[in-house]
DNA sequence: CTGAAAGCGCTTACAG
DNA sequence: CTGAAAGCGCTTACAG
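Protein chains in written order, with my numbering: chain A, 562 to 890; chain B, 562 to 890.
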């Protein structure tokens with residue numbers, strides 16, 4: 562592989578001059594600069610990244626910690642696009658992205674100690690307290706992206722995430738304004754803090770519109786669980802005129818159950834989901850839902866982290882979810 | 562950050578001894594080795610990756626080139642899981658994965674010249690000829706994973722991919738053995754070579770079972786396009802008793818069209834897809850389909866590449882697709 | 001504007 | 001079994 566030294570030899574200058582030329586330092590004569598650039602071009606020279614990192618103590622790499630479940634069905638749909646956007650956004654800004662699971666204890670610590678990343682995007686709700694403390698102590702630039710462990714909700718922690726409460730609010734408000742008065746919400750309160758927030762949004766909307774009847778079911782946030790719940794609760798269905806399922810997959814389960822019970826959506830019962838996953842586009846009736854703005858999350862996450870790496874400050878940023886109206890409600 | 566030198570000072574030995582101890586070289590006394598390891602442990606020492614890479618000319622990083630369209634809807638579903646598996650598999654083997662788009666011309670060349678990866682997993686069908694030649698010339702370990710550009714189908718090129726023809730064969734054979742005789746296949750012959758292969762499998766099955774009637778439609782491989790095609794071709798539907806849609810998304814489009822035409826699946830017309838995407842699990846009727854064994858592709862892709870990086874040889878590996886029987890056929 | 005030297009944090013051939 | 005030295009390929013403070 563060609564090095565700076567090779568170029569220096571050919572150009573008859575010192576390696577430091579080559580370095581300065583190729584890095585566009587100001588006080589190098591135009592002539593030598595051009596000569597050197599031309600030689601570099603011809604030889605297909607690229608800086609050796611390891612050498613640069615070692616010297617500059619900067620890797621131009623962002624570590625992204627993803628949750629274990631990305632591997633199996635649960636997270637798949639939502640994450641796919643997300644990672645794609647992260648990678649592209651980082652690349653456009655001249656950074657690489659190192660996506661990894663925390664496969665063993667202290668993995669994050671090791672990433673930091675081995676200087677393999679300049680900053681961290683934490684996309685796992687289950688980062689250990691120890692790891693977080695280590696990150697803070699070592700003053701490593703980091704952002705909790707999309708997820709934020711419950712333990713840190715009210716702490717002084719950097720994050721970029723969807724305003725879940727707002728999402729719950731928007732969904733519920735939309736139903737109320739369409740005239741629905743008895744709205745059941747299917748949540749997963751015990752699973753993750755974001756469901757508590759969505760439910761808070763639901764409650765707030767009811768309150769703002771002076772609706773007293775609250776129907777909250779705390780279940781597993783899966784297609785099957787939602788389907789089963791609906792099929793088992795026929796009496797409840799009589800009282801209710803709309804359902805806010807707090808994930809799209811649950812909404813699809815609800816719709817399938819209602820179909821099987823010959824309850825028409827949206828005529829007899831409206832259904833709204835949350836996430837705007839692609840499936841919702843193909844399922845009939847097309848799913849009305851709340852979109853988590855993956856695009857913005859990725860873009861702002863990367864942008865803020867890079868800013869943090871350049872100069873440090875706090876970042877506490879909520880991204881607004883968006884209502885997508887289709888057929889189901 | 563703590564370095565080998567720090568440890569050496571504390572232990573009262575030469576840095577080279579520290580290096581050898583921590584790397585478990587054989588001829589170091591047990592006593593010093595243990596002493597040094599203990600100090601390293603206490604200080605939370607990790608090797609500086611850049612320094613190691615520079616010295617060893619090895620980054621422990623696998624470059625993964627993904628297609629542009631991963632960013633938008635098309636590839637999303639299939640790829641999600643795939644990347645997750647790749648990352649995990651690589652990590653388990655002590656490698657990192659650098660996932661990148663080829664955002665500019667010569668990007669792959671640059672990755673190579675800057676020594677940022679030890680090997681390449683090419684998951685983009687559109688890698689330029691120039692890039693491929695460069696990879697071959699520089700003797701960089703590489704594998705075409707999942708995709709293989711048409712230009713290289715019969716060339717001496719490393720790949721790990723699904724046996725698409727076999728997939729087409731299995732799907733068609735399944736239908737034939739269930740008693741269907743007039744099988745329409747929806748393909749995308751002009752889009753990608755894999756559709757030609759699937760169609761070849763279809764033809765081969767027909768031939769093996771002595772069926773003369775071939776129905777092949779070459780369309781866009783999307784939900785909408787498949788749906789439209791079915792709705793427009795009512796006469797054809799009269800002649801046909803089963804449909805082999807060469808992607809699941811197309812199969813779902815077909816089913817929706819048939820529903821709207823009040824044609825029951827599978828009673829009036831059987832439908833089989835290809836890919837085994839998650840949606841098929843939720844759509845009614847649950848989709849019978851051919852699975853692309855993502856798991857195996859990822860596992861074998863990583864494994865073979867690592868082997869290639871250690872000692873070079875050829876890899877030409879087909880992975881067998883798998884029939885998933887559900888309700889639609 | 002350019003050169004010579006030291007250094008980033010490791011590894012390893014050589015010597016003892 | 002261990003040390004001293006050179007080197008991986010860059011960058012940059014210092015000097016002129």
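Heads up, the beta-carbon is just placed ideally off N, CA and C, and yes, glycines get one too.
An exposed status is given to residue 828(B), since fewer than 16 other beta-carbon atoms sit within 10 Å of its beta-carbon. Counting along the chain, the unbroken beta strand (DSSP E) around residue 748(A) starts and ends at 744-748. Membership of residue 809(B) in the alpha helix (DSSP H) is indicated by the continuous run 809-821. Shown here for residue 879(A): same chain residues with a beta carbon closer than 6 angstroms to its own, the five before and five after excluded, namely 724 in chain order. Every alpha helix (DSSP H) of 4 residues or more that sits fully in the stretch 598-666 of chain A is shown, in chain order, as 610-617 and 634-653. DSSP places residue 880(A) within a strand segment (E or B) once states are collapsed to three. Of the residues 562(A), 577(A), 781(A) and 741(A), the one whose Cα lies closest to the Cα of residue 833(A) is 741(A).
Each of 867(A), 689(A) and 872(A) was checked against the Cα of residue 655(A), and the nearest Cα belongs to 867(A). Here residue 745(B) is near residue 801(B), since their CB atoms are less than 7 angstroms apart. At a cut-off of 7 angstroms, the C-beta of residue 806(B) has no neighbouring C-beta in chain A. For residue 711(B), there is no enclosing beta strand (DSSP E), as DSSP gives it neither H nor E. Contact with chain B is found for residue 676(A), since one of that chain's Cβ atoms lies less than 7 angstroms from the residue's Cβ.
For residue 605(B), the chain A residues whose C-beta falls within less than 8 angstroms of its own C-beta are 670 and 674, listed in chain order. Taking 7 angstroms as the CB threshold, residue 609(B) lines the interface with chain A. The residue among 700(A), 592(A), 845(A) and 759(A) with its C-alpha nearest the C-alpha of residue 890(A) is 845(A). Nearest Cα to residue 692(B) within the set 839(B), 668(B) and 709(B): 668(B). Of all alpha-carbon atoms in 858(B), 819(B) and 659(B), the one lying nearest the alpha-carbon of residue 795(B) is that of 819(B). In the three-state DSSP reduction, residue 775(B) falls in the coil class, being neither helix nor strand. Along the stretch 637-666 of chain A, the positions whose C-beta sits under 8 angstroms from a C-beta of chain B are 637, 638, 640, 641, 642, 644, 645, 646, 648, 649, 652, 653, 657, 658, 659, 660, 661, 662 and 664, read in chain order.
Not one beta carbon of chain B lies nearer than 7 angstroms to the beta carbon of residue 683(A).
By the Cβ rule, the stretch 730-737 of chain B counts as touching the stretch 760-775 of chain B, because three or more pairs are nearer than 8 angstroms.
One thing to note: residue 756(A) has its Cβ no nearer than 7 angstroms to the Cβ of residue 762(A). Contacts with chain B (Cβ-Cβ distance below 9 angstroms) from the stretch 839-869 of chain A involve 839, 840, 842, 843, 844 and 845, listed in chain order.
Residue pairing by DSSP places residue 783(A) in no beta bridge whatsoever. Scanning chain A for C-beta atoms nearer than 8 angstroms to the C-beta of residue 562(B) yields 674 and 676, reported in chain order. In the structure shown, residue 890(A) adopts coil according to DSSP, grouped into three states. The beta carbon of residue 785(A) lies closer than 7 angstroms to those of 814 in the same chain, with the five residues before and after it left out.
Taking C-beta atoms as the reference points, residue 758(A) and residue 726(A) count as a pair closer than 7 angstroms.
For chain B, the residues of the stretch 817-838 of chain A that bring a beta carbon within less than 7 angstroms of one of its beta carbons are 817, in chain order. Counting only residues of its own chain and dropping the five nearest sequence neighbours on each side, residue 705(A) has a CB closer than 6 angstroms to the CB of 683 and 720. Residues of the same chain with a CB within less than 8 angstroms of the CB of residue 860(B), apart from the 5 flanking positions on each side, are 646 and 650 in chain order. Contact check for residue 626(A) against residue 685(A) passes: the beta carbons are separated by less than 7 angstroms.
Collapsing the DSSP output to three states places residue 574(A) in coil.
Residue 612(A) reaches chain B at 615, counting residues in chain order whose Cβ is nearer than 7 angstroms.
For the 7 angstroms CB-CB criterion, residue 563(A) and residue 606(A) form a contact. Shown here for residue 754(A): same chain residues with a beta carbon closer than 6 angstroms to its own, the five before and five after excluded, namely 711 in chain order.
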